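So my numbering is basically just the index in the sequence shown, starting at one, shifted up by 44.
The C-beta atom is built at its ideal place from N, Cα and C for all residues, glycine as well.
All values derive from a computational prediction rather than experimental measurement.
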Amino acid sequence: MAHQGNTWDREYKNPKLVTGKNGPQADTLRFLKFLKKEQKFKVEEKTVLDLGCGTGRNSNYLADLYNKVIGIEISRTALDIAKTRAHNLGVSVDYRLGDIGEKYD
């Protein structure tokens with residue numbers, strides 16, 4: 045995990061590559077709309093596991109919908125950004141350092 049984490053840390057330390065936006069990604073909004081409209085799925089009542097959560101844009105948005113959210117990310121730098129953003133937004137997300145290729149329970 046260390047090698048991959050170091051690679052992503054370098055990426056997230058480059059301010060040109062990290063968006064300052066706090067809102068969710070457009071794909072996430074489209075997927076949530078699909079779940080609600082087409083599948084009648086109430087995401088607000090679920091625990092969400094965000095794999096590769098990056099800087100927390102999607103995790104923080106989902107936490108604001110009163111979800112329990114766990115964000116897994118391989119980059120410590122990205123996690124630090126995500127935690128700061130969550131704090132500033134007043135939302136609670138359980139951010140964890142991890143590799144999506146490793147066992148999770």
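- Residue pairing by DSSP puts TYR139 in a beta bridge opposite GLY115.
- Short of 8 Å from the beta carbon of THR99, and not among the five residues preceding or following it, lie these beta carbons of its own chain, in chain order: TYR56, VAL62, THR63, ALA122, ILE125, ALA126 and ARG129.
- Taking ALA107 as reference, the option from LYS81, LEU76 and SER136 with the minimal CA-CA separation is SER136.
- DSSP places THR91 in the uninterrupted beta strand (DSSP E) bounded by 91 to 95.
- Looking at the backbone, the Cα of LEU95 and that of GLY134 are separated by about 21 Å.
- In terms of CA proximity to ARG140, SER103 leads the group GLN69, PRO68, ASN132 and SER103.
- Nearest to TYR110 by alpha-carbon distance, out of GLU89, SER119 and LEU93, is GLU89.
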